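Residue numbers (the numbering used here): 5 to 271.
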């Protein structure tokens, strides 16, 4: 019943061309994989989604067109492009979000999801300070700047910020020191922000486990599945449901939710 009511509201709102009844969410790195699935589910559940991408513009446009084909209405979302490793483009993205008509009509943004990520294995004998700096830039510095740049807008809607971290905290993942250090930084940044922003803005993290393997880790990914108590990999929709849970849980802040099939129990 709940889904049916939400979907009806989507169609009615698009038919009149208004955004006002829709909470607006910005999700970074949302053209593919987990971000794409989260964008789809948020739109279907009544959110207006600003889908940020760097190079995956075509993929993001396909998300919107597929929604339109499925429901026969204009998709409740837009694609925003920016290179999050470039300070000027991050500032431009902040301005575009704040000036977006959906945000103005809604009175602010209700959700911000830091999903953009770099995930590559580099042997410890080859990893460089530049590799670490790049990961820190995308996973820590950019979320810091984006969140503060949009903070007043989030406060206006008692919004929710979510950082996509991982299950590596306190563990040694071979060839991923540059990555895991930066994700730990994002986790701590979000926890600190939860303390700084209350009671106006809630901040949490989601730590996905084995969801989708990267091209370079297929063999290792299969071994990980054997260690998962639930006996299977996750699906991006599992992460989307965790996002919706946090968005709709007004008494949860400063938490990290592992969505990993129990994998962290065996680490």
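Glycine included, C-beta positions come from ideal geometry on N, C-alpha and C. All figures in this text were calculated on a predicted structure; none of them were measured in a lab.
Contact check, residue i vs residue j, beta carbons under 7 Å
| i | j | result |
| --- | --- | --- |
| residue 170 | residue 211 | yes |
| residue 26 | residue 80 | yes |
| residue 113 | residue 28 | yes |
| residue 184 | residue 118 | no |
| residue 165 | residue 146 | no |
| residue 186 | residue 143 | yes |
| residue 94 | residue 88 | yes |
| residue 194 | residue 207 | yes |
| residue 263 | residue 246 | yes |
| residue 136 | residue 167 | no |
CA-to-CA distance, residue j to residue i, given in whole angstroms
| i | j | result |
| --- | --- | --- |
| residue 173 | residue 76 | 44 Å |
| residue 139 | residue 51 | 30 Å |
| residue 96 | residue 163 | 21 Å |
| residue 268 | residue 188 | 15 Å |
| residue 243 | residue 124 | 21 Å |
| residue 132 | residue 111 | 44 Å |
| residue 258 | residue 178 | 29 Å |
| residue 226 | residue 56 | 31 Å |
| residue 4 | residue 40 | Within the shown structure, residues of the chain are numbered from 5 to 271, placing residue 4 beyond reach of any answer. |
| residue 153 | residue 141 | 16 Å |
| residue 239 | residue 265 | 10 Å |
| residue 84 | residue 255 | 31 Å |
| residue 44 | residue 157 | 23 Å |
| residue 91 | residue 149 | 9 Å |
| residue 213 | residue 104 | 34 Å |
| residue 68 | residue 203 | 34 Å |
Three-state class that DSSP yields for residue i in the structure shown
| i | result |
| --- | --- |
| residue 166 | strand |
| residue 51 | coil |
| residue 118 | strand |
| residue 265 | coil |
| residue 259 | coil |
| residue 254 | coil |
| residue 126 | coil |
| residue 144 | helix |
| residue 155 | helix |
| residue 232 | coil |
| residue 30 | strand |
| residue 247 | helix |
| residue 173 | coil |
| residue 25 | coil |
| residue 132 | coil |
Where residue i falls, given that 16 or more other Cβ within 10 Å makes a residue buried
| i | result |
| --- | --- |
| residue 86 | buried |
| residue 82 | buried |
| residue 199 | exposed |
| residue 234 | exposed |
| residue 53 | buried |
| residue 34 | buried |
| residue 175 | exposed |
Near the ligand ADP: residue i beta-carbon under 6 Å from a heavy atom
| i | result |
| --- | --- |
| residue 260 | Although the ligand ADP was asked about, the structure shown includes no ligands whatsoever. |
(request) Mind listing, in chain order, the continuous alpha helix (DSSP H) runs of no fewer than 4 residues lying wholly within the region 175 to 213? (result) 181 to 201
(message) To test your reading of the DSSP string, which unbroken beta strand (DSSP E) runs of 3 or more residues are found completely within the region 39 to 120?
(response) 52 to 57, 81 to 85 and 115 to 118
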